[in-house]
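> One rule links them: number in our numbering = place in the sequence shown (from 1) + 11.
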Amino acid sequence: MNSGHDPRILGTIALPGVAVALWHPAPDPDRQAWLDALPADRLPRLRQAMRPQDAPAALRAACDAASLPDSPQRRALIGHIATLTDLAAQHLDALMVTLRVEVTDGQSCPKWHLDAVRARLLCTLRGAGTQFGPATGPAQVDRHQQMPTGSVALFRGRGWGAQPAGILHRSPPAIAGQTRLLVVVDPVDEAASC
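1) In terms of residues, what are the limits of the beta strand (DSSP E) holding P27?
2) Take the Cβ of H16 as the centre, count every other Cβ of all protein chains shown within 10 Å, and call the residue buried at 16 or more, exposed below.
3) Out of A77, L106, L110 and A66, state which residue places its alpha-carbon closest to the alpha-carbon of G90.
4) Ordered along the chain, which non-local residues of its own chain (more than five positions away) have a Cβ less than 6 Å from that of C205?
5) Apply the 10 Å Cβ neighbour rule to T23 and answer buried if 16 or more other Cβ atoms are within range, or exposed otherwise.
6) How many angstroms separate the CA atom of I186 from the CA atom of L136?
7) Name the two residues that bound the continuous alpha helix (DSSP H) containing I92.
8) Put I186 into one of helix, strand or coil per three-state DSSP.
9) Let me know the secondary structure DSSP gives H130 once reduced to three states.
10) Which partner residues does A146 have in the DSSP bridge list?
11) Please classify R154 as buried or exposed, where buried requires at least 16 neighbouring CB atoms within 10 angstroms.
12) Using a 10 Å radius around the Cβ and a threshold of 16 neighbouring Cβ atoms, would you call R58 buried or exposed?
13) Below 8 Å CB to CB, which residues in the same chain sit around L85 once its five sequence neighbours on both sides are set aside?
14) Taking its Cβ as the centre, do 16 or more other Cβ atoms sit within 10 Å of T147, making it buried, or is it exposed?
Structure (structure tokens):
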């Protein structure tokens, strides 16, 4: 695992032996307070394959569909998620990505796992962050860490190639009354696009 405060750390996912690259951007307390205060039904939801440059328009449409009014905070949220989409595409050399913005109040992926993709970007913008740790057996982790809210990770998946990933992850356990907003970006590889 490599981690740091510079987004270029995400590029280390391509280095031998790096199963997860974790970027800790500087917190934005104002954006976080605004996002945490939004009713869950006003949070954008999206699942769409696209070119990275099309993310802002798709995110605006998702915000409109959630009746999230235009504001400087909404524009900053769209810009941030679009940047995450660009970073994933850049570091995974992907011309197309699948962008998901998910709102959950449960534990959507409770089992330790590797994703069935080459690699996946995960960023929890609201709620508890993704848990991850070294695999000690099939679907088993004995010691885990939890990503801080707002941190960004690129995880190798099963489709990475010859090197086993060695790091499994899962959604955090549900916390009563807490809504989670998760950004997921997957590369759309040629073999998977047919």
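Where a beta carbon is used, it is the ideal one built from N, C-alpha and C, also for glycine.
Concretely, from the data shown:
1) Counted as a single uninterrupted DSSP element, the stretch harbouring P27 is not any beta strand (DSSP E), since DSSP gives it neither H nor E.
2) Under this definition H16 is an exposed residue.
3) Minimum Cα distance to G90 is reached at A66.
4) Its pLDDT being 33, under 50, C205 is placed unreliably by the model, and the measurement read from it follows with that caveat. Excluding sequence positions up to five before and after C205, its CB lies less than 6 Å from no other CB in the same chain.
5) So T23 counts as buried.
6) Computed Cα separation, rounded: 16 Å.
7) Segment P83 to H102, the alpha helix (DSSP H) holding I92.
8) In the structure shown, I186 sits in coil (DSSP, three-state: anything other than H, G, I, E or B).
9) Correcting the residue identity first, residue 130 is Ala in this sequence and not His. Looking at A130 - three-state DSSP - the assignment turns out to be strand.
10) Partner(s): V152.
11) The residue in question, R154, is exposed, as its Cβ has fewer than 16 Cβ neighbours within 10 Å.
12) R58 should be labelled exposed.
13) Reading off the sequence shown, one finds Arg at residue 85, where the question assumed Leu. Cβ neighbours of R85 beyond the five flanking positions: C74 and L79.
14) Classification for T147: exposed.
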